[in-house]
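Residue numbering for the sequence shown is 75 to 556, as defined by this note's numbering. Beta carbons are placed, not taken as given, at the ideal position from N, Cα and C, and that holds for glycine. Source: prediction; values computed, not measured.
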Amino acid sequence: MALSGLAAGTLAGCGKGYTAQEPNNPRVGDFGVPSWLGEAPVIEESLITETVETEVLVVGVGTGGIPAMISAAENGARVLGIDRQNSPRNVREDIGAVDSHLQQASFEEFPQFRIDKTNIVQEIATYANGFVNYDLVKLWANESGAMIDWLTDIIQRDGKMVMEFEGGVGNIDGPGIRKAFATGHSPQPTELADEEWGFAESILAYAAEQGAEVRWRTEFIKCEQDESGRVTGVIARAVDDDRHYLRINASKGVILSTGGYGEQPFLKLNLKGERFCNESGPYDYMLHAAYMQPHHTYVDIWDANHAEQAEMMDEVGCCRLFPFDNGARNNIPMAVVDGMIEKLIEDGYVQKADTMEELAQKLNLPVEATVASWQRYNEFAANGEDTDYWKEPHRLLPLTTPPFYGVRTGAWFLATIDGVSIDTNMHPTDADGNPIQGLYLTGNDSGGFFSVSYPNLMTGLACGRTMTFGRRAGMLAATGQA
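Rendered as structure tokens:
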């Protein structure tokens, strides 16, 4: 959930030598000064041995940062990106959007892929119990399709990549607990790409083609502001060598884009050997139900037919292991997953057995209760009806073919949902809702879009939000429109 607005002088790390007062309650903190904020770092001028001039500075060369760099450069700005890594890491490749050209082209053959913008905005707000900035959600719904079209042209410029629309909403006759939306888009390599070339390499190379520069192994320390409160640049530090400090002045703006799960609905038991929920719920439903179990732990159980059954379960999004309804490729092939399982067996995490009794023993579960739960589940599968938790029939599949597999999983939440409040111009806002000029936020730094949990049945929503807002931030910073 987004934080309430932070005053310009108290934005984390963005004060001019500001030192937060010690809160009366160190755990909770005084209003307006969260206890996690700590003290803004004070860097002596004598320690700053290098000064760099640019127009737009992007902190974090990743999912949101690279689109921001491209957009700012395309709009005529001199752009520098910094990152403490030595290459882009974890640039996401499931990109959620509404009404891209690729989506629109599919509607005649697959009318079920059409998304009503009002409906999806309301669904996101409902999932968040209303703890959202509706205008931010509407902004994504209205601009994400154009962002995908923009990215598609970029990655397809040299023939090495192609953008595919992940057309699939699961079994429309048995959609399950919540509706899925066909929002995902995935960049895929062509035969012209070598093993070292992927989505991150493609868009970063395009940023360089537009004149943007990157300074790797450089970590962000704090923002600097002028007397009016406008952010004018940052203090950074070299990660290697002498670890010297440097001042980076950004005359047009600073964009912060820093920070930064697949689940199949097989049989799941708690540590008492008991089934406890409909395994086919969204990721967060499953994890929250597991949180209510002893030691916040559950056990996944599957059999030798897991590949065939995974295809029959007709999953959507990043957990899909087979091509989508419209032929688009999935991101992780089943063969890769099988290789992961074998490695986990070797490492002792996944257990394998010829009988359910043996598997229960290896998983340190009560044998009698585990076998009883397994048998009851198989009876439901044979009858095509789950009278305990109402799992939809096409995912209620028998586990009768050895060998059997099982793994303990401990998880509490799908995601942490927070971030600084921003407006639709990507500016963080102060306690009165006023924008902090010269500073833009995107991705996990920014709040107001998600709360309570992440609606994973809208494939790539977090990535699509991040890239859409990154593109917008780059444009606004470069042009000075806001």
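Who are the Cβ neighbours of residue i in its own chain at under 6 Å, not counting the five residues just before and after it?
| i | result |
| --- | --- |
| F398 | E240, G241 and G242 |
| Q177 | F239 |
| L531 | R252, A254 and P356 |
| R394 | N404 |
| V153 | V130, M143, A146, A147 and A286 |
Taking DSSP's pairing of strands, which residues face residue i in a bridge?
| i | result |
| --- | --- |
| F239 | H259 |
| C297 | V308 |
| I156 | V133 and R289 |
| W271 | Answer is none; W271 lacks a bridge partner. |
| D374 | K342 and V481 |
| M532 | F255 |
| G401 | G401 pairs with nothing; no bridge assigned. |
| I169 | H259 |
| V313 | V313 pairs with nothing; no bridge assigned. |
| S527 | S525 |
| V116 | The partner list for V116 (beta bridge, DSSP) is empty, contrary to what the question assumes. |
Short of 7 Å in beta carbon distance, which residues of its chain neighbour residue i, apart from the five on each side in sequence? Order them along the chain.
| i | result |
| --- | --- |
| W110 | Summary for W110: the model assigns pLDDT 47, below 50, so the residue's position carries little reliability; its value from the coordinates is reported in the next sentence. Around W110: no qualifying Cβ. |
| M430 | T444, V445, W448 and F478 |
| F350 | N344, A363 and Q367 |
| R304 | Q511 and G512 |
| A536 | Y528 |
| E353 | P339, F340, L341, K342, M360 and K465 |
| N203 | S525 and V526 |
| E217 | T542 and R546 |
In the structure shown, what three-state DSSP assignment does residue i receive?
| i | result |
| --- | --- |
| L471 | coil |
| F478 | strand |
| E124 | strand |
| P509 | strand |
| T553 | helix |
| I277 | helix |
| R349 | strand |
| M500 | coil |
Please identify the residue among the options whose C-alpha is closest to the C-alpha of residue i.
| i | options | result |
| --- | --- | --- |
| Y365 | W376, I375, N344 and E382 | N344 |
| S174 | E382, D227 and A199 | D227 |
| I322 | Q299, L341, G548 and T498 | Q299 |
| I295 | T516, I122 and T429 | I122 |
| G136 | D412, I144 and M408 | I144 |
| M235 | A267, G355 and M360 | A267 |
| S161 | D412, T292 and M408 | T292 |
| F478 | S302, G150, W448 and T257 | W448 |
| T533 | Q159, N207, I189 and F255 | F255 |
| A151 | G233, L176, D247 and A324 | A324 |
| V511 | P115, K417, P368 and T306 | Residue identity differs from the one stated: residue 511 is Gln in this sequence, not Val. If we check each option's Cα against that of Q511, T306 comes out closest. |
| K212 | R163, R539, S180 and E182 | R539 |
| M500 | T542, L470 and T461 | T542 |
| L439 | A505, R311, A281 and K342 | K342 |
| Y201 | S525, W464, P115 and E283 | S525 |
| D247 | N457, P467 and L473 | P467 |
| H318 | I222, D428, G507 and E124 | E124 |
| I329 | D504, C351, D377 and G155 | G155 |
| A427 | W464, R394, V481 and V410 | V481 |
| L550 | E420, P529, S527 and T516 | T516 |
| P502 | N193, E432, L433 and L210 | L210 |
| A402 | T332, M237, N216 and A505 | M237 |
| A552 | K326, V494, Q159 and A215 | K326 |
| E119 | I309, A220 and E432 | I309 |
Under DSSP, the alpha helix (DSSP H) around residue i begins and ends at which residues?
| i | result |
| --- | --- |
| K417 | M408 to E420 |
| K212 | Y208 to I229 |
| R450 | V441 to N457 |
| F191 | For the record, residue 191 in the displayed sequence is Lys; it is not Phe. Element bounds for K191: K191 to Y201. |
| C392 | Note, C392: premise wrong, no alpha helix (DSSP H); not H, not E. |
| L176 | H175 to S180 |
| I144 | G139 to E148 |
| E432 | M430 to K436 |
| L361 | Y357 to Y365 |
Who are the near neighbours of residue i in its chain, counting only those whose CB is closer than 8 Å to its CB and skipping five residues on each side?
| i | result |
| --- | --- |
| T483 | A364, T371, Y372, V373 and D374 |
| I277 | I140, P141, I144, V165, L225, I228 and I229 |
| I415 | V424 and Y479 |
| D412 | A381 |
| D168 | E240, G258, H259, S260, G391, C392, N405, T533, G534 and C537 |
| T474 | D377 and N452 |
Please report the residue range of the beta strand (DSSP E) in which residue i lies.
| i | result |
| --- | --- |
| I329 | Y319 to L330 |
| A427 | Q425 to A427 |
| Y514 | L513 to L515 |
Determine, for residue i, whether the minimum Cβ-Cβ distance to residues of chain D falls below 7 Å.
| i | result |
| --- | --- |
| A267 | Of the protein chains in the structure, only one exists, and it is not chain D. |
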